[in-house]
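Chains as they are written, first to last, in the working numbering: chain A, 97 to 390; chain B, 23 to 371.
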């Protein structure tokens with residue numbers, strides 16, 4: 097009897113870790129995520145409520161009041177055709193945010209579908225799809241987008257097509273990698289043993305387990321899309337004038353940079369703040385869900 | 023053939039005359055870097071309606087591969103090279119995956135060793151149980167949910183209405199295994215393949231799960247193939263047992279006869295190395311040596327390098343199963359020696 101030894105409770109630390117309440121990881125406890133959400137919230141509300149925040153029409157020209165400095169009437173002054181800069185900023189944010197959020201959805205869906213097919217079935221389907229991905233990845237993002245929009249002609253439709261053609265590869269890669277790992281799990285074997293079809297296994301069992309990674313990526317992808325849209329606008333390939341757009345505002349104001357710096361600086365700042373807030377949200381969201389994955 | 027009744031009470035009363043599942047001369051090969059592994063090498067099994075067959079053997083003896091071959095869910099590098107798997111008169115080996123999908127679930131299903139990883143972590147357990155009936159029996163959402171609740175009651179999950187919406191991580195190990203059993207039963211299969219379903223559970227829970235399986239077997243007339251390396255578990259649940267070694271069957275027969283009076287030295291070794299509560303041995307006797315390589319298996323009897331009774335002929339002669347009196351069979355050429363050893367064990371200490 098004396099030979100019986102009592103081992104140390106080595107699992108105590110592990111148990112403690114599990115005992116940590118989930119509440120400790122709530123979003124408002126994450127400074128980065130909270131800051132990002134608040135910033136983006138303000139921007140989105142301001143853009144959505146633009147008609148309430150400014151009495152000016154962003155398109156209507158008033159040549160008698162061109163290139164005014166900041167004043168009580170025109171908070172950020174007016175541009176060379178007398179349009180209120182603050183109004184154009186709000187409406188420009190509206191345009192660019194709307195295009196970016198729509199533009200991120202298509203590559204997300206297409207990339208997810210193609211990535212899960214490649215990852216689950218493997219074999220030649222996987223080889224073909226991944227070589228296609230390699231071809232797209234071989235070109236720099238902005239160069240390819242600008243070239244595609246240039247060929248397709250300026251406008252929203254071209255922006256959507258270009259971003260979709262270039263953007264799906266990242267989602268396909270992420271989802272394929274995740275599915276390659278997840279399909280070796282026992283629950284997939286159990287689903288196959290239950291006579292479920294491949295489509296059902298992918299859609300109902302695998303994707304719910306792996307889609308979060310693609311969502312996290314989508315957050316940072318929106319930033320890239322907004323920058324692409326602004327860049328296209330700057331080159332005159334974006335939304336055609338007179339629709340307000342941050343990129344074309346920066347370009348138009350460039351000629352007056354030494355005398356009327358606010359025409360370029362504030363749209364530029366808006367792009368920076370939108371990009372920053374979305375990045376903070378993406379990172380924070382990633383931190384929030386990663387430790388939760390068992 | 024088989025109507026999709028809720029309880030299958032008609033099948034329970036009189037066990038089916040012929041075997042539900044008949045595996046004959048099954049060969050499974052795995053293409054590995056160091057050569058072809060003959061994981062299953064000529065296995066033949068029969069399972070009658072309502073019968074529980076134990077399939078025992080050490081790790082790597084081909085038990086799990088046999089199960090996965092029957093179900094048609096072999097890993098991509100493994101394939102069936104020859105043999106027949108006849109379920110209800112239909113050979114499953116030549117069937118396509120989509121044809122098999124109509125059989126997996128309604129006719130046969132599987133219970134896994136590790137109930138945590140075999141349940142989808144992000145899907146409510148009720149929906150996981152209801153999924154089979156929705157897909158295979160064409161049930162609507164509410165009828166499938168009814169069915170799931172009914173199954174949860176049958177496998178002894180308390181408060182099923184509340185547990186229906188829970189996720190697997192909210193369940194204990196034993197409860198998760200009950201969920202797995204409910205999933206396996208959800209489409210009223212004729213046979214359930216169990217891959218060490220109690221190995222990951224502690225002993226008291228293990229006992230509960232075994233009792234549950236035995237009760238379900240008796241109630242619904244479902245057959246079981248129960249893979250394990252735990253002999254007491256086989257003794258508790260199964261009527262017949264088949265012992266596997268090195269990808270081949272070495273002994274089959276009635277569970278009491280085989281475990282109490284082995285006719286193959288490998289079975290004898292397994293029995294001698296298992297602890298026993300009623301009869302405490304001075305020491306457990308391990309089987310010397312290690313399992314054979316299935317890339318280049320030993321000639322003749324695959325057990326001869328580790329066998330205490332091995333003779334010269336064991337190294338050369340093939341050792342198919344030979345039928346003995348009492349509905350049992352052995353692959354041993356010199357099974358009488360086992361008989362003598364068992365007799366000596368009894369008188370001995």
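Idealized CB from N, CA, C, for every residue including glycine. It should be emphasised that the depicted structure is a prediction, and the values quoted were computed from it without experimental measurement.
Within 10 angstroms of the Cβ of residue i, are there 16 or more other Cβ atoms? Answer buried if so, exposed if not.
i, result
"residue 212 (chain A)", "buried"
"residue 86 (chain B)", "buried"
"residue 368 (chain A)", "exposed"
"residue 253 (chain A)", "exposed"
"residue 118 (chain A)", "Reliability of the predicted coordinates at residue 118 (chain A) is poor, the pLDDT of 49 falling under 50, and the value obtained from them is presented with this limitation in mind. It counts as exposed."
"residue 120 (chain A)", "Confidence at residue 120 (chain A) is low in this model, with a pLDDT of 49, below 50, so its placement is unreliable and no value can be given for it."
"residue 174 (chain A)", "buried"
"residue 352 (chain B)", "buried"
"residue 342 (chain B)", "exposed"
"residue 37 (chain B)", "Residue placement at residue 37 (chain B) cannot be trusted, given a pLDDT of 48 that sits under 50; what the coordinates show is reported in the next sentence. Classification for residue 37 (chain B): exposed."
"residue 119 (chain B)", "exposed"
"residue 208 (chain B)", "buried"
"residue 83 (chain B)", "buried"
"residue 188 (chain A)", "buried"
"residue 322 (chain A)", "buried"
"residue 152 (chain B)", "buried"
"residue 320 (chain A)", "buried"
"residue 23 (chain B)", "Because residue 23 (chain B) sits at a pLDDT of 38, beneath the cut-off of 50, its placement in the model cannot be relied upon, and the following sentence gives the value as read from the coordinates. Exposed."
"residue 216 (chain A)", "buried"
"residue 299 (chain A)", "exposed"
"residue 279 (chain A)", "buried"
"residue 245 (chain B)", "buried"
For the alpha helix (DSSP H) that residue i lies in, which residues bound it at each end?
i, result
"residue 182 (chain B)", "182 to 185"
"residue 103 (chain B)", "First-last for residue 103 (chain B): 100 to 109, but that is the beta strand (DSSP E), not the alpha helix (DSSP H)."
"residue 216 (chain A)", "181 to 217"
"residue 157 (chain A)", "First-last for residue 157 (chain A): undefined, no H or E at that position."
"residue 121 (chain B)", "119 to 122"
"residue 127 (chain A)", "127 to 144"
"residue 253 (chain B)", "253 to 259"
"residue 196 (chain B)", "195 to 207"
"residue 325 (chain A)", "303 to 330"
"residue 275 (chain B)", "From DSSP, residue 275 (chain B) is part of no alpha helix (DSSP H) but of the beta strand (DSSP E) over 270 to 276."
"residue 282 (chain A)", "282 to 289"
"residue 164 (chain B)", "163 to 176"
"residue 238 (chain A)", "237 to 248"
"residue 87 (chain B)", "85 to 93"
Along the chain, where does the beta strand (DSSP E) containing residue i start, and where does it finish?
i, result
"residue 354 (chain A)", "Note, residue 354 (chain A): premise wrong, no beta strand (DSSP E); not H, not E."
"residue 260 (chain A)", "Element bounds for residue 260 (chain A): not the beta strand (DSSP E) but the alpha helix (DSSP H), 252 to 278."
"residue 351 (chain B)", "350 to 352"
"residue 67 (chain B)", "57 to 70"
"residue 41 (chain B)", "41 to 54"
Measure from the alpha carbon of residue i to the alpha carbon of each residue in the options, then state which is nearest.
i, options, result
"residue 40 (chain B)", "B:60, B:72, B:53", "B:72"
"residue 97 (chain B)", "A:384, A:158, A:244, A:285", "A:285"
"residue 110 (chain B)", "B:69, B:203, B:329, B:326", "B:69"
"residue 56 (chain B)", "B:81, B:315, B:222", "B:315"
"residue 272 (chain A)", "A:172, A:204, A:140", "A:204"
"residue 291 (chain B)", "B:236, B:363, B:237", "B:363"
"residue 332 (chain B)", "B:354, B:215, B:294, B:206", "B:354"
"residue 103 (chain B)", "B:197, B:67, B:63", "B:63"
"residue 243 (chain B)", "B:226, B:122, B:251, B:214", "B:214"
"residue 237 (chain B)", "B:272, B:330, B:176", "B:176"
"residue 160 (chain A)", "A:177, A:142, A:328, A:168", "A:177"
"residue 284 (chain B)", "B:67, B:221, B:366", "B:366"
"residue 45 (chain B)", "B:115, B:51, B:58, B:54", "B:115"
With respect to 7 Å, is the separation between the Cβ of residue i and the closest non-hydrogen atom of the ligand SAH below this value?
i, result
"residue 148 (chain B)", "With respect to the ligand SAH, the structure shown offers nothing to examine, as it has no ligands at all."
Would you say residue i faces chain C, with C-beta separation under 8 Å as the test?
i, result
"residue 127 (chain B)", "Looking at the structure shown, chain C is missing, and the protein chains on hand are A and B."
Does the segment 231 to 238 of chain B come close enough to the segment 255 to 262 of chain B that 3 or more CB-CB pairs lie under 8 Å? yes
Residues from the segment 63 to 95 of chain B in contact with chain A, defined by Cβ distance under 7 Å: 93, 95
May I ask you to list, following chain order, the residues of the segment 150 to 176 of chain B that have a beta carbon less than 8 Å from some beta carbon of chain A? 153, 154, 157, 158
Does the structure place the segment 236 to 253 of chain A close enough to the segment 268 to 288 of chain A that three or more beta carbon pairs sit under 8 Å? no
Check whether the segment 292 to 301 of chain A and the segment 153 to 161 of chain B touch, using three or more Cβ-Cβ pairs below 8 Å as the test. yes
Under 8 Å: do the segment 180 to 200 of chain A and the segment 236 to 246 of chain A share three or more Cβ pairs, one atom per stretch? no
Counting Cβ pairs closer than 8 Å, one from the segment 260 to 267 of chain A and one from the segment 345 to 358 of chain A, do we hit at least three? no
Interface positions of the segment 195 to 212 of chain B facing chain A (Cβ-Cβ less than 9 Å), listed along the chain: 202, 205, 206, 208, 209
Cβ contact check for the segment 209 to 218 of chain B and the segment 118 to 134 of chain B: 3 or more pairs under 8 Å: yes
Do the segment 191 to 202 of chain B and the segment 140 to 148 of chain B meet, that is, are 3 or more Cβ pairs less than 8 Å apart? yes
Would the segment 334 to 346 of chain A count as touching the segment 146 to 153 of chain A if we require 3 or more Cβ pairs under 8 Å? no
In chain order, what residues of the segment 281 to 295 of chain A put their CB closer than 9 Å to some CB of chain B? 281, 282, 283, 284, 285, 286, 287, 288, 289, 290, 291, 292, 293, 294
I want to know whether the segment 368 to 380 of chain A touches the segment 133 to 142 of chain A - three or more CB-CB distances under 8 Å. yes
Residues, ordered as in the chain, of the segment 255 to 270 of chain B that lie near chain A by beta-carbon distance below 9 Å: none
Compile a chain-ordered list of the residues in the segment 296 to 307 of chain A whose CB is closer than 8 Å to at least one CB of chain B. 296, 300, 301, 304, 305
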